[in-house]
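Going by our numbering, the sequence shown opens with residue 2, and the numbers climb by one from there. Beta carbons are placed, not taken as given, at the ideal position from N, Cα and C, and that holds for glycine.
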Amino acid sequence: MSLRWPARLLLALGSGLAHALAFPSYNVSLLAWIAVAGLLLASLGARPRPAVLLGLLHGAVFYTVSLPWIYTVMRVHGGLGAMEAAGVLAALVLTASLFTAAFSAVVAWLGPGNVAHALVAAPFLWVALEYGLTHLPAIGFPWNLLGYAAAGNLALLQLVSITGIYGLSLLVAGYNALLAGALVTRGRDRQWGLLVLLTTAALLLVASLGPRYVPAAQARYVAHLVQTNFPQSPSYPADWMERHRTELDELERLSIEAGRRWPGLVIWPEVPAPFSLQDPAFAVRAQRIAQASGSDFLVGVVEWRPAPGGGLALYNSAALLAPSGRPIFLYDKIHLVPFGEYVPLGRWLTFAKKLTAEVGDFQPGSDSKVGTFTARAGGGRFGVLICYEAIFPAEVRRFVDHGAELLVNLSNDGWFGRSAAPEQHAAMARVRAVEERRWLLRDTNNGFTVAVDPYGRYAARLGADARAVLDARYDFRSDWTLYARWGDWVAWLSIAGVVAALLARARARTKRKARA
Numbered sequence: 002m003s004l005r006w007p008a009r010l011l012l013a014l015g016s017g018l019a020h021a022l023a024f025p026s027y028n029v030s031l032l033a034w035i036a037v038a039g040l041l042l043a044s045l046g047a048r049p050r051p052a053v054l055l056g057l058l059h060g061a062v063f064y065t066v067s068l069p070w071i072y073t074v075m076r077v078h079g080g081l082g083a084m085e086a087a088g089v090l091a092a093l094v095l096t097a098s099l100f101t102a103a104f105s106a107v108v109a110w111l112g113p114g115n116v117a118h119a120l121v122a123a124p125f126l127w128v129a130l131e132y133g134l135t136h137l138p139a140i141g142f143p144w145n146l147l148g149y150a151a152a153g154n155l156a157l158l159q160l161v162s163i164t165g166i167y168g169l170s171l172l173v174a175g176y177n178a179l180l181a182g183a184l185v186t187r188g189r190d191r192q193w194g195l196l197v198l199l200t201t202a203a204l205l206l207v208a209s210l211g212p213r214y215v216p217a218a219q220a221r222y223v224a225h226l227v228q229t230n231f232p233q234s235p236s237y238p239a240d241w242m243e244r245h246r247t248e249l250d251e252l253e254r255l256s257i258e259a260g261r262r263w264p265g266l267v268i269w270p271e272v273p274a275p276f277s278l279q280d281p282a283f284a285v286r287a288q289r290i291a292q293a294s295g296s297d298f299l300v301g302v303v304e305w306r307p308a309p310g311g312g313l314a315l316y317n318s319a320a321l322l323a324p325s326g327r328p329i330f331l332y333d334k335i336h337l338v339p340f341g342e343y344v345p346l347g348r349w350l351t352f353a354k355k356l357t358a359e360v361g362d363f364q365p366g367s368d369s370k371v372g373t374f375t376a377r378a379g380g381g382r383f384g385v386l387i388c389y390e391a392i393f394p395a396e397v398r399r400f401v402d403h404g405a406e407l408l409v410n411l412s413n414d415g416w417f418g419r420s421a422a423p424e425q426h427a428a429m430a431r432v433r434a435v436e437e438r439r440w441l442l443r444d445t446n447n448g449f450t451v452a453v454d455p456y457g458r459y460a461a462r463l464g465a466d467a468r469a470v471l472d473a474r475y476d477f478r479s480d481w482t483l484y485a486r487w488g489d490w491v492a493w494l495s496i497a498g499v500v501a502a503l504l505a506r507a508r509a510r511t512k513r514k515a516r517a
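Laid out in structure tokens, this is it:
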């Protein structure tokens, strides 16, 4: 494709902006269906090395516009100066943009002599790179994957029960490739235009009529999700509990009243404060809530335990107390937030120690442990996803593999302020419910607290920035989706497809050189 470099640069920048606007808080999701096409048009016909710049520009705009809250978190809650916080955001943007840079470079390398070959390979390449970004050691960051832009439609969302989120990404990337093919050929090859027309008609039909055919899930039980609504604090003084006694008394009253109204299950979110069952004052309060409400009480806590090398290790955990007040389950968060709960490569990134100086340097758990509620809460088995863990599909799948019949997501999104991040976070957690066909109860400190049914409907939701209780229906399911059985098979199929495309291109190139 013959384009001047200014046009290619504008396409890369514009496609990156369109990509970002498809996600909260902009929510122009239709732009996701054309954004990658712009990057494809910019990359086709370019040389591979200069194409790296096109992908970097696309990624830089996309991540900067859709994730500006990272700067705020680092600046306000991480204790970093303006330059340091900007440096953390820039480092994340650069790292993630390397994947869009690789996408552009490979498309450019595949394109010469066979544009159709490059366009067929492009959707598989996109998904393979998303999978790589998800599984980066220590700093994997699958935030706002392309498929999430299509997940707002209830009918399209059902695809993830077969393919996982990568299947939706493949669908959206595939449509972008078809659109790019039609634009590249400009009517010379009518097949591309016909494919775009037929695919568009099919997608519109499914998206408009499909939601009415998605089954409605029935629920037998009610959980009381308590939104604690504490302001996010950069530090917790030793007398924090005493200073906030009035708020804690109010939360205790709300929890007990809700449990007495409908005994069963009371949930508090991921620790928005120094809650610990090792603190006698909080332990007594937690026992009182369980006993007086006559309910199971699931609460986010901080745990201190002896470390193997001496001293004490800190864990971000979730504890379940039976109606008797006795602790019967404890789960330690496995996937910690880098630069929030621990510092990867901390020996070299000494400046980042400020980020964990106040909240502590947490240790990861090691077991995707599944708990069992008492008969009062339905007696089913559940898995707890603490905050960030809900954005990793394979890790959530492990809980179901271990027998979880209900998913509970405890989160403290107060770190994000009133940015787009809480909405983005909730939208990704919602997809996990459909992938596994499980009810999802999501309890947060200050929003978004929701209940999601196994088909992705918000069965109940609570307004942000309110101290209140959400009465949320739920149930247990033990059936298995194809995704639960097969896992990320679409991602692995995509990787195999990319390898095959690269080998075919290399073989064709070798043959041409031999003939020359």
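Cα-Cα separation between residue i and residue j, rounded to whole angstroms
i    : j    : result
N413 : P423 : 9 angstroms
F104 : G112 : 12 angstroms
W144 : A92  : 15 angstroms
V66  : I392 : 20 angstroms
F231 : L463 : 15 angstroms
T229 : A181 : 48 angstroms
A492 : V173 : 14 angstroms
E396 : E390 : 7 angstroms
L386 : K334 : 8 angstroms
T357 : D280 : Confidence is the limiting factor: at T357 the pLDDT is only 48, short of 50, which leaves the residue's position unreliable and the question unanswerable from this model.
S479 : T375 : 17 angstroms
L226 : A287 : 15 angstroms
Q364 : R9   : 46 angstroms
L443 : L130 : Looking at the sequence itself, residue 443 is Arg, so the reference to Leu does not match. Looking at the two C-alpha atoms, the distance is approximately 29 angstroms.
A507 : A218 : 51 angstroms
E359 : Y72  : Low confidence applies here, because E359 scores a pLDDT of 44, under 50, leaving its location unreliable; read the following figure in that light. Approximately 18 angstroms, taken between the alpha carbons.
V53  : A106 : 5 angstroms
S209 : A220 : 27 angstroms
A151 : W241 : 43 angstroms
Y237 : G211 : 49 angstroms
A378 : A202 : 46 angstroms
A123 : G175 : 8 angstroms
R1   : G295 : Any question about residue 1 goes unanswered here, given that the chain covers just 2 to 517.
Q292 : G326 : 6 angstroms
Y149 : A428 : 8 angstroms
P275 : H403 : 30 angstroms
H245 : V77  : 22 angstroms
N317 : V371 : 16 angstroms
L199 : T511 : 37 angstroms
Residues bridged to residue i [DSSP beta-bridge criterion]
i    : result
F100 : F100 is not bridged to any residue.
D297 : L266
F330 : L321
E304 : Y316
R382 : T373
I387 : L411
F363 : L315
P339 : Y343
Residue i beta carbon near the ligand GTP (any heavy atom closer than 6 angstroms)
i    : result
A391 : Within the structure as shown, the ligand GTP is missing, as the structure has no ligands at all.
Residue j beta carbon less than 7 angstroms from that of residue i
i    : j    : result
G1   : A319 : The structure shown does not extend to residue 1, since the chain is modelled only from 2 through 517, so no value can be given for it.
I166 : V432 : yes
T445 : P264 : no
A23  : L32  : yes
L266 : D297 : yes
A119 : V128 : no
G39  : S16  : yes
A434 : V453 : yes
F383 : V401 : no
F63  : A13  : no
G448 : P273 : no
Any C-beta of chain C under 7 angstroms from that of residue i
i    : result
G372 : The chain labelled as chain C is not found in the depicted structure, where only one protein chain is given.
Cβ distance (whole Å) where residue i is taken to contact residue j below 8 angstroms
i    : j    : result
G366 : Y343 : Contact flag wrong, Cβ pair sits at about 12 angstroms.
S162 : Y484 : 6 angstroms
Any chance you could list the alpha helix (DSSP H) runs of at least 4 consecutive residues sitting entirely within the region 217 to 290, in chain order? Scanning the region 217 to 290 from its first residue to its last, the whole alpha helix (DSSP H) runs of 4-plus residues come out as 241 to 244 and 246 to 262.
Please list the segments of the alpha helix (DSSP H) lying wholly inside the region 118 to 177, counting only runs of 4 or more residues, in order along the chain. Runs found: 155 to 158 and 161 to 164.
For the region 437 to 479, list the beta strand (DSSP E) runs that are entirely contained and at least 3 residues long, ordered along the chain. The region 437 to 479 contains these whole beta strand (DSSP E) runs: 441 to 445, 450 to 453, 459 to 463 and 469 to 475.
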